[in-house]
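> For reference, the structure I am asking about is given below.
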Amino acid sequence: MFEALVGSDTMVDVALIALWALAAWRIGSLVRQPDARKRASGAKRVRALLVLAGVPVVAKAVLIALLLDHGWDFGANDLVFGVPMLLVPAVLTYVWMFPALREPDDRARFAELKVGLPPRLTAIGAVFAFWLGFFRQPVGGLFDEIVVYGFLFLIAALLQVVKLRKVSGLLTTGAPFPGLGVRFLRTGAKVTAFVAVVVVGSVWGSSSSRLPGSYNMAEHGGVAHAAGGHGSGGVSPVAYSPAPGKPITELSGPKDGVPDKKFTLTARTTELTLPSGAKIQGWTYDGTVPGPLLRVRQHELVEVELRNADVEVGVTLHWHGVDVPNAEDGVPGLTQDAVRPGGRHVYRFRAPDVGSYWYHSHQVSSEQVRAGLYGGFVVDPPSPEAAVTDIPVVVHTFKNQIQVMNGTDLLDRKAVPAGTKTRLRLVNSDSQTRRFSLTGTSFKVTAIDGTTVNGPTEVTDNVLVLGGGARYDVEFTMPDAPVRLATMGHPDTGMLLSPDGTGDRAPRFDGAELDANSYGAPAPTNFGADTPVERTVEWVMDNRLGFYDGKFAMVYTVNGDLFPNVPAVMVNEGDLVRMRFVNRSFVDHPMHLHGHHALVLSRNGKRASGSPQWLDTVTVHPGETYEVMFKADNPGLWMDHCHDLDHAALGMVMHLSYEGYTTTFVAGHDTPNQPE
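This is how it looks when you write it as structure tokens:
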């Protein structure tokens, strides 16, 4: 719904520009028309045009009300700038222009300020509305923007006043109006100037947005100790001098001791042939997609050796959702160098929490994860569980839109005896949100993002919504009839469980989406919505056309800026941090916090009422606000980003930095590290 409002608002602004610019031009032509009969005919056409132009004016007013209904964050810009710059002059146009159009004999009336100025200002206001709604969305208190854009609007208005007074003077003195040739040359000069401004602005935008060849990811955009803040968007390549502090390489897992579980993963270029016969050119860990399932027990010492056979740009391993020590996090240019062909890197850590997780490369991750560098990671309880059929289910979509579930693009049939306790560990390794249905049985959601749900209740036919990188564990007792797992948009694939591995069942997606905010039973937590905090941060997310690293694209901003101009959030160990996410864009943003799980406090202003949700990936849908809180109890320098990895590749990257830590690693086109 909200994305439709945002799209409609943009289209209405375009319609306002076109119709009101045309109306202002047609009104100006009435002043230059000496023939009374033609002027009367022209006045009728202008009245009809103004009636038509009134449609987007009304639509704009309705949209402002609807956006404000979502909350001040969503409608403030339209209200503060759109009403005075656009709606007020539009209303004045109808109040003062229509009487003049009904009496077109006196053409001097159309040059009067109160008659001729409002339609021109409406057209100019529409341009400002479009700019502020699609290219440069203001964030925060708006005072600076009110001053800047108010001043620019005033200058534009004064120029129109000068022009109208000049026209009025020509009528008063009887001097002739400029001929068609002169007007054509003037228009040509204006168009040429506009094109020149666009070209110069594009060249400047492209060059100023380029990332430095080498930069330190922990030193960017200043620091943020509180909500808000935004900047110009330009990037200046500057030399970096590491600040004094403890190097994060000291924040590693145990360096000594025999590992309880040891794995070796080799990244290599692979041509995959899927069960359907489709071929995928990509990269894999150990030649399979997903990569090998890594299964350990809580508190075990885990050692994983990553080798790179031939992936030219390099690879890493990031343990998505696992709160490992900072040096083991696998972010190239921040916690390590990417592993080059022929190289190796060893990760060692104790598995901290029971749950469902996954691993993937964080080097050029928008390409590498999509092309196959991912796999499942499960942390079991320290002691064996009672008998349960435990099936990790990793869903993935390749670049050619072929979706696989555990590596197969066909219906995967499995035999599970009736009466068996069954657990499906759903992992969404895609960037986009996926909707899962489990048809043929009631079930419980027992864990979200690796943390246990308190007091889960049985549901039937509810759709489970998993943002990019998110995980749900679902449990049920296997019935004596088939059970079907599928994702929306892919009804012919997925997984079918039955006592003998045969049969069929169509998936259903007509059930309500499960509301995790109210699912399960409340339970005590160490802190909550009423707990005082040391840090408060607000991230407002927008989309706009713009430049990033020299390329023109649809970019996704945080507080009006892109990495590296989004200030790092600085904390001290032990701080409580409240974060507020506001999604004003038209797409989902699964916001992933490295090294930490955050407690959900509220969504859209409504307090969480079910089981405490501890998330590492907070999926914020368009028009939504989330408030979460976490304790800064895992020191280091952490990358936080949108886990729609295409968004991260276009600058939707932030950082959480603990005071007193630094890194010697650097990233950039001139280095081996390309983090996303």
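Quick note on my numbering: the sequence shown kicks off at 1100 and runs consecutively.
Ideal placement from N, C-alpha and C gives every residue a C-beta, glycine not left out.
The model shown is predicted, which means the values in this text are computed figures rather than measured ones.
1) From LEU1700, GLU1557, ALA1569, pick the residue whose C-alpha is nearest to that of PRO1623; which is it?
2) Which class does LEU1371 belong to by DSSP, given the choice of helix, strand or coil?
3) Kindly indicate which residue of PRO1689, HIS1754, ALA1748, GLY1750 has the alpha-carbon position closest to the one of TYR1725.
4) Which residues share a DSSP beta bridge with ALA1851?
5) Is the number of C-beta pairs between the region 1158 to 1175 and the region 1659 to 1677 that are closer than 8 Å three or more?
6) Assess, as a yes-or-no matter, whether the region 1446 to 1458 is touched by the region 1353 to 1367 under the definition of 3 or more beta carbon pairs within less than 8 Å.
7) Roughly how many angstroms lie between the CA atoms of ILE1223 and VAL1105, to the nearest whole one?
8) Quick check: the Cα distance between PHE1662 and VAL1194, rounded to an integer number of angstroms?
9) What do you get for LEU1149, buried or exposed, if any count of 16 or more other CB atoms within 10 angstroms of its CB means buried?
10) Quick check on the burial criterion: 16 or more other C-beta atoms within 10 angstroms. Buried or exposed for PRO1217?
11) When we look at the beta-carbon of ASP1112 and count the other beta-carbons within 10 Å, is it buried (16 or more) or exposed?
12) Along the chain, where does the alpha helix (DSSP H) that runs through GLU1244 open and close?
13) List the DSSP bridge partners of TRP1418.
14) Report, in whole angstroms, the separation of the C-beta atoms of LEU1251 and ALA1175, which I expect to be a contact under 8 Å.
15) Of the choices TYR1456, SER1464, GLY1442, whose alpha-carbon is the least far from that of GLN1397?
16) Tell me, to the nearest whole angstrom, how far the beta carbon of GLU1466 is from that of ARG1522; I am working on the premise that it is less than 8 Å.
17) At which residue ranges does the region 1173 to 1230 contain complete alpha helix (DSSP H) runs of 4 or more residues, listed in the order of the chain?
18) Alpha carbon to alpha carbon, how far is ARG1219 from ASP1134?
19) Excluding the 5 residues flanking TRP1737 on each side, which residues of the same chain have their C-beta closer than 6 Å to its C-beta?
20) Between which two residues does the beta strand (DSSP E) containing SER1701 stretch?
21) Give every residue of the same chain whose Cβ lies closer than 6 Å to the Cβ of MET1577, excluding the five residues on either side of it in the sequence, and list them in chain order.
22) Indicate whether VAL1657 and MET1640 have their beta-carbon atoms separated by less than 8 Å.
23) Tell me which same chain residues have a C-beta within less than 7 Å of the C-beta of ARG1443, skipping the five on either side of it?
24) Mind checking which residues open and close the beta strand (DSSP E) that includes ARG1377?
25) Beta-carbon within less than 6 Å of PRO1336's beta-carbon, same chain only, minus the 5 sequence neighbours each way: which residues are those?
26) GLY1475 to ALA1225, Cα distance in whole Å?
27) Does the count of Cβ pairs from the region 1702 to 1709 and the region 1743 to 1751 closer than 8 Å reach three?
28) Nearest to LEU1185 by alpha carbon, out of VAL1294, PHE1227, ASP1205, ALA1210?
29) Might you give, ordered along the chain, the residues of its own chain that have their beta carbon closer than 7 Å to the beta carbon of CYS1741, omitting 5 neighbours on each side?
30) If we ignore side chains and look at the alpha-carbon of each, how far apart do LEU1373 and VAL1493 end up?
31) With respect to the alpha helix (DSSP H) encompassing ARG1394, which residues constitute its N-terminal and C-terminal limits?
32) Below 8 Å, can you find three or more Cβ-Cβ pairs linking the region 1135 to 1143 to the region 1245 to 1260?
33) Just to confirm, is the Cβ distance from VAL1412 to GLN1773 under 8 Å?
34) On a CA-only basis, which of ARG1367, PRO1451, ASP1769, VAL1526 is nearest ALA1546? Give me that one, please.
35) Out of ASP1609, THR1540, ARG1607, VAL1558, which one is the CA nearest neighbour of ALA1580?
36) Please return the same chain residues whose Cβ sits closer than 8 Å to the Cβ of ASP1745, not counting the five positions on each side in sequence.
Reading from the atomic positions:
1) Taking the first residue of the sequence shown as 1, we reach residue 1623 at position 524. The shortest C-alpha separation from PRO1623 is found at LEU1700.
2) Mapped onto the sequence shown, residue 1371 falls at position 272. If DSSP states are grouped into helix, strand and coil, LEU1371 belongs with the strands.
3) As a working mapping, residue 1725 is identified with position 626 in the sequence shown. Answer by Cα proximity: PRO1689.
4) Residue 1851 falls outside the range modelled here, since the chain spans only 1100 to 1775, and no answer is possible.
5) no
6) Flag = yes, the region 1353 to 1367 and the region 1446 to 1458 touch.
7) Locating residue 1223 in the sequence shown gives position 124, counting from the first residue. Locating residue 1105 in the sequence shown gives position 6, counting from the first residue. Distance between the alpha carbons of ILE1223 and VAL1105: 21 Å.
8) Taking the sequence shown and counting its residues from 1, the one referred to as residue 1662 is at position 563. Taking the sequence shown and counting its residues from 1, the one referred to as residue 1194 is at position 95. Those two C-alpha atoms are separated by around 48 Å.
9) Looking up residue 1149 in the sequence shown gives position 50. Classification of LEU1149: buried, given that the 10 Å Cβ count is 16 or more.
10) Residue mapping note: residue 1217 aligns to position 118 of the sequence shown, counting from 1. That one is buried.
11) For this step, residue 1112 is matched to residue 13 along the sequence shown. The residue in question, ASP1112, is buried, as its Cβ has 16 or more Cβ neighbours within 10 Å.
12) Mapped onto the sequence shown, residue 1244 falls at position 145. In the DSSP assignment, GLU1244 falls within the unbroken alpha helix (DSSP H) covering 1242 to 1272.
13) Translated into positions along the sequence shown, residue 1418 becomes position 319. TYR1458, per the DSSP bridge assignment.
14) What you label residue 1251 is simply residue 152 of the sequence shown in a count that begins at 1. What you label residue 1175 is simply residue 76 of the sequence shown in a count that begins at 1. No, LEU1251 and ALA1175 are not in contact; Cβ-Cβ is about 19 Å, not under 8 Å.
15) Against the sequence shown, residue 1397 aligns to sequence position 298. GLN1397 has its Cα closest to that of TYR1456, out of TYR1456, SER1464, GLY1442.
16) The sequence position of residue 1466 within the sequence shown is 367, counting from 1. The sequence position of residue 1522 within the sequence shown is 423, counting from 1. Between ARG1522 and GLU1466 the Cβ distance is about 32 Å, and since that is not below 8 Å, they are no contact.
17) 1187 to 1201, 1212 to 1229
18) Locating residue 1219 in the sequence shown gives position 120, where the first residue counts as 1. Locating residue 1134 in the sequence shown gives position 35, where the first residue counts as 1. The straight-line gap from Cα to Cα measures roughly 24 Å.
19) For the purposes of this step, residue 1737 is taken as residue 638 along the sequence shown, with counting starting at 1. Answer for TRP1737: HIS1693, GLY1694, LEU1755, listed in chain order.
20) On the sequence shown, residue 1701 is found 602 positions in, with the first residue counted as 1. Where SER1701 is concerned, the enclosing beta strand (DSSP E) stretches over 1697 to 1702.
21) Reading the sequence shown from its first residue, position 478 is the one you call residue 1577. Closer than 6 Å at Cβ, skipping near neighbours: VAL1515, ALA1517, THR1519, THR1521.
22) Position 558 of the sequence shown, counted from the first residue, corresponds to residue 1657. Position 541 of the sequence shown, counted from the first residue, corresponds to residue 1640. Contact check for VAL1657 against MET1640 passes: the beta carbons are separated by less than 8 Å.
23) Within the sequence shown, residue 1443 is the residue found at index 344, counting from 1. Counting only Cβ-Cβ distances below 7 Å, and skipping sequence neighbours, we find GLU1404, LEU1405, ARG1406.
24) The residue labelled residue 1377 in the question sits at position 278 within the sequence shown. Contrary to the premise, residue 1377 reads as Ala rather than Arg in this sequence. Premise fails: ALA1377 is in no beta strand (DSSP E) and is neither H nor E.
25) The residue you call residue 1336 lines up with position 237 of the sequence shown. Any reading at PRO1336 is ruled out, since the residue's pLDDT is 32, under 50, leaving its predicted position unreliable.
26) Working through the sequence shown from its first residue, we reach residue 1475 at position 376. Working through the sequence shown from its first residue, we reach residue 1225 at position 126. Answer to the nearest angstrom: the Cα atoms are 50 Å apart.
27) no
28) Counted from its first residue, the sequence shown places residue 1185 at position 86. Ranking VAL1294, PHE1227, ASP1205, ALA1210 by Cα distance to LEU1185 puts PHE1227 first.
29) Along the sequence shown, read from residue 1 onward, the residue named residue 1741 stands at position 642. Contacts found: TYR1655, HIS1688, PRO1689, MET1690, ALA1747, MET1751.
30) Position 274 of the sequence shown, counting from 1, holds the residue named residue 1373. Position 394 of the sequence shown, counting from 1, holds the residue named residue 1493. If you draw a straight line from the Cα of LEU1373 to the Cα of VAL1493, it comes to about 15 Å.
31) By 1-based counting over the sequence shown, the position of residue 1394 is 295. No alpha helix (DSSP H) holds ARG1394; the beta strand (DSSP E) holding it covers 1390 to 1396.
32) no
33) Your numbering for residue 1412 matches position 313 in the sequence shown. Your numbering for residue 1773 matches position 674 in the sequence shown. Yes; because the gap between Cβ atoms is below 8 Å, this pair is in contact.
34) If you number the sequence shown from 1, residue 1546 lands on position 447. For ALA1546, the nearest C-alpha among the options comes from VAL1526.
35) Indexing the sequence shown from 1 puts residue 1580 at position 481. When each option's Cα is compared against that of ALA1580, the closest is THR1540.
36) For the purposes of this step, residue 1745 is taken as residue 646 along the sequence shown, with counting starting at 1. So the qualifying residues of the chain are SER1465, SER1530.
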